[in-house]
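> Residue numbers (the working numbering): 625 to 1076. Please see the structure below; I have some questions.
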């Protein structure tokens, strides 16, 4: 079954380089725009003062976990839908989209429990919220909670488009939503004096516009039209999605757990060390958007061609993505190693914070090429439906290797050694990924028995 819609690439017949390029570039733009949005949104809230910023920060664990669960399920849906389209099973793809929508929508409703005053106060007090911060959390929480159900629809529609070889519509939808969000931020926060609540309302409006654009374009650019319905087979289908999506969600959560563990070590050296580490990570997040774009392109491509039985195209796609990820991150790594202060200038770090940021970046860049390859191999795991391999690699990297390495290096060399826990753990994760890649090869040969 070949989807024939304008702007959809033919993932089964077009040249591999053309398919991956046309899927990757919109994904890169989307991720970059989303990163800029978060930076600007945080900047406006920071202008309100320390307490409102602390209130938003205390909401971040909730936001992160909800989006990790929803995005894990939608990527699981992308894999399953693409796989079935490759097998010529459009009817099954439509059913999967319906089941995935009901699942992510259900997940999006759980944070509504935080609107119950007793639950809200106990939960955020446990996280360390002061009475002053709780006032701002109340303002932010109300609008933010209602943005989750809207976002669940948008994320699922994003998966539907990408599974059919269309990364352009999700890009336009997110650009429109984020542009309006950024425009509304100063208006609602300052002009209408809504404070942190204005930032959350702007987010809700942006999410609604993203969803509206995606939904209105479905009839023109998709053969799959998700509906919020439940049938007797919905829950068994949820299990198929969760088997793929949950390991990915847990992988994302492991990043936060690993970062929290490292922050305990950096706290020994004061706020400058924590800030320097955070700025180094921010630069790294932006640098790797190129590779994550290739990763996002690889997932539906691999799933579709496995469904079609085109193993050689999968191998060619992996080779293409690995080659360009390696070249790009070698180049970016050299630039960042040579001129870290130039890239940090936008954040205006001073003194010790700048020194720590430079040390963090220079240590991390030594492993950039291997990190890039690990990310691309992870994209293959996602597309093939073996997300547990990606989960194992990330848990080993973020928890089992990086933190113990940081403790050891701290004991031996002080803070100058701690920065090197990043490349050490990245090298280990790369070889773990290679091990699982070798295990994956026999498993993907019997493609017709996977994801049915």
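Ideal placement from N, C-alpha and C gives every residue a C-beta, glycine not left out.
(1) Out of curiosity, what's the CA-to-CA distance linking residue 762 and residue 824?
(2) For the structure I just gave you, are there three or more beta carbon pairs, one from the segment 685-702 and one from the segment 724-733, closer than 8 Å?
(3) Looking at residue 660: is its Cβ nearer than 8 Å to the Cβ of residue 1006?
(4) Decide if the segment 973-991 is in contact with the segment 914-930; the criterion is three or more beta carbon pairs, one per stretch, under 8 Å apart.
(5) Around the C-beta of residue 787, are 16 or more other C-beta atoms found within 10 angstroms, so that it is buried, or is it exposed?
(6) Measuring only the C-alpha atoms, how far is residue 818 from residue 764?
(7) Taking the alpha-carbon positions, what's the residue 909 to residue 656 distance?
(8) Should residue 635 go down as buried or exposed, given a rule of 16 or more other Cβ atoms within 10 Å for buried?
(9) So, for residue 1014: in the same chain, excluding its five sequence neighbours on each side, which residues have a beta-carbon less than 7 Å away from its beta-carbon?
(10) Are the CB atoms of residue 1029 and residue 1048 within a distance shorter than 8 Å?
(11) Does DSSP put residue 856 in a helix, in a strand, or in coil?
(12) Please report the distance separating the alpha-carbon of residue 1010 from that of residue 784.
(13) Beta-carbon separation of residue 707 and residue 930 under 8 Å?
(14) Return the CA-CA distance between residue 719 and residue 713, expressed in angstroms with no decimal places.
(15) Tell me whether residue 855 is buried or exposed, calling it buried when 16 or more other Cβ atoms sit within 10 Å of its Cβ.
(16) Among 839, 977, 654, 942, which residue has its Cα nearest to the Cα of residue 891?
(17) Output the boundary residues of the alpha helix (DSSP H) element that contains residue 677.
(18) What residue range does the alpha helix (DSSP H) around residue 905 cover?
(19) How close, in whole Å, do the beta carbons of residue 753 and residue 682 come, if the pair is a contact with beta carbons under 8 Å?
(20) Taking Cβ to Cβ, would you say residue 679 is nearer than 8 Å to residue 820?
(21) Are the beta-carbon atoms belonging to residue 916 and residue 999 less than 8 Å from one another?
(22) My output table needs one value for residue 990: the three-state DSSP class, helix, strand or coil.
(23) Quick one: is residue 1038 buried, meaning 16 or more other Cβ sit within 10 Å of its Cβ, or exposed?
(24) Buried or exposed: residue 638, going by 16 or more other Cβ atoms within 10 Å of its Cβ?
(25) Return helix, strand or coil for residue 1050, following the three-state DSSP convention.
(26) Can you tell which of 704, 687, 1045 has its C-alpha closest to the C-alpha of residue 868?
(27) Starting from residue 948 and walking both ways along the alpha helix (DSSP H), at which residues does that stretch end?
(28) Count the C-beta pairs between the segment 642-658 and the segment 958-978 that are closer than 8 Å, then say yes if the count reaches three, no if not.
(29) Using 8 Å for Cβ pairs, my map puts residue 997 next to residue 943. What's the rounded Cβ distance?
(30) If I follow the unbroken alpha helix (DSSP H) through residue 744, where does it start and stop?
(31) Please say whether residue 690 and residue 735 have beta carbons closer to each other than 8 Å?
(32) Is residue 1057 closer than 8 Å to residue 852 when the C-beta atoms are compared?
(33) Less than 8 Å between the beta carbons of residue 799 and residue 701, yes or no?
(34) Do you know how far the Cα of residue 939 is from the Cα of residue 1064?
(35) Which residue's Cα is closest to the Cα of residue 911: 1031, 749, 672, 993?
(36) Between residue 838 and residue 778, is the Cβ-Cβ spacing less than 8 Å?
Reading from the atomic positions:
(1) Taking the chain shown and counting its residues from 1, one reaches residue 762 at position 138. Taking the chain shown and counting its residues from 1, one reaches residue 824 at position 200. Going by the C-alpha atoms only, they are around 11 Å apart.
(2) yes
(3) Here residue 660 is taken as the residue at index 36 of the chain shown, counted from 1. Here residue 1006 is taken as the residue at index 382 of the chain shown, counted from 1. No, the pair does not count as a contact, with Cβ atoms beyond the cut-off.
(4) no
(5) The residue labelled residue 787 in the question sits at position 163 within the chain shown. It is buried - the Cβ of residue 787 has at least 16 other Cβ atoms within 10 Å.
(6) Taking the first residue of the chain shown as position 1, residue 818 is located at position 194. Taking the first residue of the chain shown as position 1, residue 764 is located at position 140. Roughly 10 Å between the two C-alpha positions.
(7) Along the chain shown, one-based indexing puts residue 909 at 285. Along the chain shown, one-based indexing puts residue 656 at 32. Those two C-alpha atoms are separated by around 10 Å.
(8) Position 11 of the chain shown, counted from the first residue, corresponds to residue 635. Buried: at least 16 other Cβ atoms inside 10 Å.
(9) Numbered from 1 along the chain shown, position 390 holds the residue referred to as residue 1014. For residue 1014, where only same-chain residues beyond five positions count, the Cβ hits under 7 Å are 871, 872, 875, 1002, 1005, 1006.
(10) Reading the chain shown from its first residue, position 424 is the one you call residue 1048. Reading the chain shown from its first residue, position 405 is the one you call residue 1029. In contact: residue 1048 and residue 1029 (Cβ atoms closer than 8 Å).
(11) Residue numbering aside, residue 856 sits at position 232 when the chain shown is read from its first letter. Correct three-state label for residue 856: coil.
(12) Here residue 1010 corresponds to residue number 386 of the chain shown, with the count starting at 1. Here residue 784 corresponds to residue number 160 of the chain shown, with the count starting at 1. Residue 1010 and residue 784: Cα-Cα distance of roughly 20 Å.
(13) Your numbering for residue 707 matches position 83 in the chain shown. Your numbering for residue 930 matches position 306 in the chain shown. Cβ atoms of residue 707 and residue 930: closer than 8 Å.
(14) The residue you call residue 719 lines up with position 95 of the chain shown. The residue you call residue 713 lines up with position 89 of the chain shown. Taking the straight line joining both Cα atoms gives about 10 Å.
(15) The sequence position of residue 855 within the chain shown is 231, counting from 1. So residue 855 ends up on the exposed side.
(16) On the chain shown, residue 891 is found 267 positions in, with the first residue counted as 1. Measuring from the Cα of residue 891, the nearest candidate turns out to be 977.
(17) If you number the chain shown from 1, residue 677 lands on position 53. Start and end: 674-710.
(18) Indexing the chain shown from 1 puts residue 905 at position 281. Note, residue 905: alpha helix (DSSP H), 895-911.
(19) Taking the first residue of the chain shown as position 1, residue 753 is located at position 129. Taking the first residue of the chain shown as position 1, residue 682 is located at position 58. Their Cβ separation, rounded to whole angstroms, is 5 Å, which keeps residue 753 and residue 682 in contact under 8 Å.
(20) Translated into positions along the chain shown, residue 679 becomes position 55. Translated into positions along the chain shown, residue 820 becomes position 196. Taking 8 Å as the Cβ cut-off, residue 679 and residue 820 qualify as a contacting pair.
(21) The sequence position of residue 916 within the chain shown is 292, counting from 1. The sequence position of residue 999 within the chain shown is 375, counting from 1. Taking a C-beta distance under 8 Å as the contact criterion, residue 916 and residue 999 qualify as a contact pair.
(22) For this step, residue 990 is matched to residue 366 along the chain shown. Residue state, collapsed to three classes: coil.
(23) Here residue 1038 refers to the residue found at position 414 of the chain shown. When all chains shown are included, residue 1038 counts as exposed.
(24) The residue you call residue 638 lines up with position 14 of the chain shown. Exposed: under 16 other Cβ atoms inside 10 Å.
(25) The count along the chain shown starts at 1 and reaches residue 1050 at position 426. Helix.
(26) Along the chain shown, read from residue 1 onward, the residue named residue 868 stands at position 244. Measuring from the Cα of residue 868, the nearest candidate turns out to be 704.
(27) Position 324 of the chain shown holds residue 948. It spans 935-962 - the alpha helix (DSSP H) in which residue 948 sits, taken as one unbroken run.
(28) no
(29) As a position in the chain shown, residue 997 is number 373, starting the count at 1. As a position in the chain shown, residue 943 is number 319, starting the count at 1. Not really, about 11 Å apart at Cβ, beyond 8 Å.
(30) Counted from its first residue, the chain shown places residue 744 at position 120. Taken as a continuous stretch (DSSP letters only), the alpha helix (DSSP H) holding residue 744 covers 741-750.
(31) Against the chain shown, residue 735 aligns to sequence position 111. Against the chain shown, residue 690 aligns to sequence position 66. Yes; because the gap between Cβ atoms is below 8 Å, this pair is in contact.
(32) For the purposes of this step, residue 852 is taken as residue 228 along the chain shown, with counting starting at 1. For the purposes of this step, residue 1057 is taken as residue 433 along the chain shown, with counting starting at 1. For residue 852 and residue 1057, no; Cβs fall outside 8 Å.
(33) The residue labelled residue 799 in the question sits at position 175 within the chain shown. The residue labelled residue 701 in the question sits at position 77 within the chain shown. Not a contact, by the Cβ cut-off of 8 Å.
(34) The count along the chain shown starts at 1 and reaches residue 1064 at position 440. The count along the chain shown starts at 1 and reaches residue 939 at position 315. One C-alpha to the other measures close to 12 Å.
(35) Taking the chain shown and counting its residues from 1, one reaches residue 911 at position 287. Of 1031, 749, 672, 993, the residue nearest in Cα terms is 993.
(36) To locate residue 838, count along the chain shown from 1; it is residue 214. To locate residue 778, count along the chain shown from 1; it is residue 154. Yes. Within cutoff.
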